[in-house]
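K.L.:
Questions regarding the structure given below will be posed in turn.
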Amino acid sequence: MDEKKDRIIEIAQQIFARFGIRKSTMDEIAKMARMGKATLYYYFKSKEDIFAEVIKKESRTLKQKTIEAILNADTPQEQISAYVHTRMKHLKELSNYYNTLTDEYMEHFSFVERERVEFTEYEINTLTGILNSGIEKGVFDLEDVQLTAKMITIALKGLEYPLLVEERKENLEPKIDAMLNILFKGMEKR
22 MDEKKDRIIE IAQQIFARFG IRKSTMDEIA KMARMGKATL YYYFKSKEDI FAEVIKKESR
82 TLKQKTIEAI LNADTPQEQI SAYVHTRMKH LKELSNYYNT LTDEYMEHFS FVERERVEFT
142 EYEINTLTGI LNSGIEKGVF DLEDVQLTAK MITIALKGLE YPLLVEERKE NLEPKIDAML
202 NILFKGMEKR
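Sequential numbering of the sequence shown, starting at 22, is according to the numbering used here.
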């Protein structure tokens, strides 16, 4: 990718995280990137196009971090735990991406809806793979793996706001561990 384009995306990521897409302007992005507005418009048609690139970048980062965490875990339980902890930690850090997944204002942007659907599919597929591995290893006893993966995904989405927004100053680790303990007690083979 072009260095100038990368710089625009990097600066815009910081500005959007601080002010949100509504309050951010092309003028601010150009000023902070130390470029003329014409340069921004050479690479992007609009502020929304820049935001779409920021979201794609943050999505790739989040997916890569979760994949690394899963690969570094041994058991299916550790893989799910690593996935959930990494997901919540990095989702909190990637405020643009999190806001895009949750902000109703963003619903009229088609790229946002595509990203929401794609991320949900990624989560379900990732969890399905881990759950199937757990069944093969005799760790989990599940009747419907796909449904279980969907339910875990829905539960994670439901916990995002209370864990990431309302409790920003608290340590999330014990709360996530408590949730995972409840989850595993329902899935582990007895």
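Beta carbons are placed, not taken as given, at the ideal position from N, Cα and C, and that holds for glycine. Being a predicted model, the structure only gives us computed values, none of them experimental.
When DSSP labels each residue in this structure, what does Phe161 get in the three-state scheme?
P.N.:
Mapped onto the sequence shown, residue 161 falls at position 140. Of the three classes helix, strand and coil, the one that applies to Phe161 here is strand, per DSSP.
K.L.:
Ignore the nearest five residues each way along the sequence and tell me which others in Asn93's own chain have a CB closer than 8 Å to its CB.
P.N.:
For the purposes of this step, residue 93 is taken as the residue at position 72 of the sequence shown. So the qualifying residues of the chain are Ala103.
K.L.:
Are the segment 86-101 and the segment 47-67 in contact at 8 Å, needing three or more beta carbon pairs?
P.N.:
Because the criterion of three Cβ pairs below 8 Å is not met, the segment 86-101 and the segment 47-67 do not touch.
K.L.:
Whole angstroms is fine: what's the gap from Gln167's alpha carbon to Ile91's?
P.N.:
For this step, residue 167 is matched to residue 146 along the sequence shown. For this step, residue 91 is matched to residue 70 along the sequence shown. Distance between the alpha carbons of Gln167 and Ile91: 19 Å.
K.L.:
Taking Ser67 as part of the alpha helix (DSSP H), name the residues at either end of that continuous run.
P.N.:
Numbered from its first residue, the sequence shown carries residue 67 at position 46. Ser67 -> no alpha helix (DSSP H), and no H or E assigned at all.
K.L.:
Give the secondary structure of Thr82 by DSSP, where H, G and I count as helix, E and B as strand, and everything else as coil.
P.N.:
Sequence index remark: in the sequence shown, residue 82 carries index 61 (1-based). Here Thr82 sits in helix by DSSP.
K.L.:
Buried or exposed for Ile71, going by 16 or more other Cβ atoms inside 10 Å?
P.N.:
Working through the sequence shown from its first residue, we reach residue 71 at position 50. Under this definition Ile71 is a buried residue.
K.L.:
Quick one: what's got a C-beta closer than 6 Å to Lys58's C-beta in the same chain, skipping five residues either side?
P.N.:
Locating residue 58 in the sequence shown gives position 37, where the first residue counts as 1. Met47, Ala51, listed in sequence order.
K.L.:
What residue does the alpha helix (DSSP H) around Asp23 start on, and which one ends it?
P.N.:
Position 2 of the sequence shown, counted from the first residue, corresponds to residue 23. Neither: Asp23 is in no alpha helix (DSSP H) and is coded neither H nor E.
K.L.:
Would a C-beta distance cut-off of 8 Å place Leu148 and Phe161 closer than the cut-off?
P.N.:
For this step, residue 148 is matched to residue 127 along the sequence shown. For this step, residue 161 is matched to residue 140 along the sequence shown. Not in contact: Leu148 and Phe161 (Cβ atoms no closer than 8 Å).
K.L.:
If you count every other CB in all the chains shown that lies within 10 Å of the CB of Thr174, and 16 or more means buried, which is it?
P.N.:
Here residue 174 is taken as the residue at index 153 of the sequence shown, counted from 1. By the neighbour-count rule (16 or more Cβ atoms within 10 Å), Thr174 is buried.
K.L.:
By alpha-carbon positions, which one of Leu204, Arg135, Leu180 ends up nearest to Leu163?
P.N.:
Taking the sequence shown and counting its residues from 1, one reaches residue 163 at position 142. Among Leu204, Arg135, Leu180, the Cα nearest to that of Leu163 belongs to Leu204.
K.L.:
Considering Ser2, what are the terminal residues of the alpha helix (DSSP H) in which it resides?
P.N.:
Outside the displayed range of the chain (22 to 211) lies residue 2, so it cannot be described from this structure.
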